[in-house]
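Numbering (this note's numbering), first residue to last: 148 to 573.
All C-beta atoms in this analysis are idealised placements derived from N, C-alpha and C, irrespective of residue type, glycine included.
Reviewing the structure listed below.
Rendered as structure tokens:
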């Protein structure tokens with residue numbers, strides 16, 4: 148896989164020089180080459196920026212305790228971001244994002260729950276029990292987030308708030324009715340016009356039939372066109388992900404060693420199907436790169452275990468669905484870091500130039516960075532990759548560039564659906 152390129156020869160250089168040196172080393176490397184390896188501590192402090200991973204992913208905060216139930220291989224519906232939630236009052240929410248050192252204060256409306264929805268409603272009306280709320284940001288894409296609120300174990304109705312983090316406003320809210328209290332997986336489409344939800348992996352596999360009702364959907368002024376729906380029950384064992392190249396009306400699903408594309412409306416018909424892929428094990432996770440040109444699937448076996456005999460991250464091209472590289476991610480079980488390993492990694496860099504995986508070794512945790520193949524789309528795309536790798540996402544707005552050009556660099560312009568070509572020399 149190539150020779151590991153570490154930082155030990157450049158201790159006297161600045162962070163900018165190290166980043167430029169890594170970029171030159173990456174440009175001269177070949178496809179699938181191991182570009183860099185370092186300890187988990189060095190990655191979180193400085194090496195993630197040096198390798199071009201300047202997004203808002205939080206690699207240091209342990210995830211919520213409810214995300215550790217069942218199996219650990221769960222989808223990353225928040226794009227690696229983590230928010231601490233605090234209620235300042237009955238209508239004021241305080242969100243803290245440690246990776247960006249940012250605090251959001253959002254005022255949300257109170258969602259009424261009728262007596263028919265809750266058998267213990269008279270008991271729950273007391274002030275002492277009304278103040279207890281268990282909250283978590285279950286989905287996030289750019290500046291849109293979805294907050295789930297479970298008020299008490301006796302309340303079987305889940306409350307969901309759709310939030311605009313940039314404007315610090317509530318875009319809408321809805322309820323999900325079910326006969327038991329549980330958490331949900333929520334997926335936001337690339338253009339943020341569609342929200343899909345289903346129960347988390349702890350309950351969606353064992354519960355059948357999986358019938359739940361979305362009620363009282365209310366969109367506030369400024370929400371635009373937004374639809375909320377649930378994933379059909381016959382797809383409850385599939386892993387799914389949106390892709391920017393497919394838009395908001397289609398999703399990518401994976402089960403066993405098959406990948407298919409379905410339209411997320413009506414009966415969810417199959418648009419495209421790829422069966423019997425040459426994978427080392429069944430697919431348990433699927434992730435899309437920022438521009439949608441690559442897919443990363445995690446194949447583990449056995450699933451219900453803490454140490455996997457097989458744990459591979461396979462990178463696929465899209466839309467061709469061809470295997471580009473297989474990365475061995477096996478390691479021992481660490482109670483806290485394994486949650487971050489399986490729910491944040493693998494990570495694509497914003498420039499889609501490299502992918503990072505993590506391994507929990509016996510005495511330390513290590514992060515490995517591999518080079519992705521170059522997509523020969525256009526000169527504009529190559530320039531965009533260079534800018535995204537050398538400039539952090541937080542500093543992009545400071546560049547003296549037109550607004551439309553900044554939107555293109557940050558990936559907010561809808562990409563072309565014309566498939567690009569992989570450079571055979573990489």
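Strand pairing of residue i, partner residues [DSSP]
i	result
residue 286	293
residue 507	512
residue 395	DSSP, once it has assigned bridges, lists no residue as partnering residue 395.
residue 185	514
residue 501	518
residue 459	446 and 475
residue 231	243
residue 401	386 and 406
residue 494	503
residue 321	307
residue 535	Residue 535 is not bridged to any residue.
residue 254	239
residue 376	343
residue 434	443
residue 249	244
residue 360	324
residue 331	346
Residue i - DSSP class collapsed to helix/strand/coil
i	result
residue 442	strand
residue 197	helix
residue 385	coil
residue 475	strand
residue 218	coil
residue 206	coil
residue 407	strand
residue 269	Any reading at residue 269 must be qualified, since the residue scores a pLDDT of 48, below 50, and its modelled position is unreliable; the value itself is stated next. If DSSP states are grouped into helix, strand and coil, residue 269 belongs with the helices.
residue 170	helix
residue 365	strand
residue 528	helix
residue 343	strand
residue 415	coil
residue 178	coil
residue 421	strand
residue 264	Its pLDDT being 48, under 50, residue 264 is placed unreliably in this model, and the value from its coordinates should be taken loosely. Helix.
residue 486	helix
residue 316	strand
residue 281	strand
residue 454	coil
Cβ separation of residue i and residue j, assumed to be a contact under 8 Å, to the nearest whole Å
i	j	result
residue 241	residue 252	6 Å
residue 317	residue 379	Going by Cβ atoms, the distance from residue 317 to residue 379 rounds to 28 Å, so no, they are not a contact pair.
residue 208	residue 245	6 Å
residue 211	residue 227	Actually they do not touch by this definition, with Cβ atoms about 14 Å apart.
residue 518	residue 184	Not confirmed; about 13 Å, so no contact.
residue 538	residue 546	7 Å
residue 171	residue 196	Not really, about 16 Å apart at Cβ, beyond 8 Å.
residue 182	residue 501	6 Å
residue 434	residue 370	The Cβ separation is near 27 Å, so there is no contact.
residue 439	residue 391	4 Å
Cβ-based neighbour list, residue i, same chain, cut-off 7 Å, excluding 5 preceding and 5 following
i	result
residue 397	408, 409, 410, 411 and 418
residue 273	Residue placement at residue 273 cannot be trusted, given a pLDDT of 47 that sits under 50; the coordinates are not used to answer.
residue 96	The question about residue 96 has no answer, for the chain in this structure spans 148 to 573.
residue 543	553, 556 and 557
residue 437	495, 497, 499 and 558
residue 432	220, 222, 386, 444 and 445
residue 485	219 and 507
residue 416	409 and 410
residue 478	506, 507 and 508
residue 266	Note that residue 266 scores 48 on pLDDT, short of 50, meaning its location in the model is unreliable; the coordinates nonetheless yield the value given after this. Within the same chain, residue 266 has no close Cβ partners at all.
residue 200	494, 496 and 503
Contacting residues, own chain, Cβ-Cβ under 6 Å from residue i (five flanking each side not counted)
i	result
residue 105	Since the first residue shown for the chain is 148 and the last is 573, residue 105 is missing from the structure and cannot be characterised.
residue 338	395
residue 233	241
residue 368	none
residue 263	Its pLDDT being 47, under 50, residue 263 is placed unreliably in this model, and the coordinates cannot settle the point.
residue 464	471
residue 258	306 and 320
residue 277	Low confidence applies to residue 277: its pLDDT is 48, below 50, so where it sits in the model is not reliable enough to give any reading.
residue 425	none
Cut-off 8 Å between Cβ atoms - residues of its own chain near residue i, not counting five sequence neighbours on either side
i	result
residue 423	404 and 405
residue 372	340
Three or more beta-carbon pairs under 8 Å between the segment 339-347 and the segment 362-369, yes or no?
-> No: the two stretches stay apart, fewer than three of their Cβ pairs being nearer than 8 Å.
If we count Cβ pairs, one from each stretch, closer than 8 Å, do we get three or more for the segment 457-474 versus the segment 182-189?
-> By the criterion of at least three beta-carbon pairs nearer than 8 Å, the segment 457-474 is not in contact with the segment 182-189.
Touch test, the segment 302-312 against the segment 280-291, Cβ-Cβ under 8 Å, three pairs minimum = Result yes; three or more Cβ-Cβ pairs closer than 8 Å.
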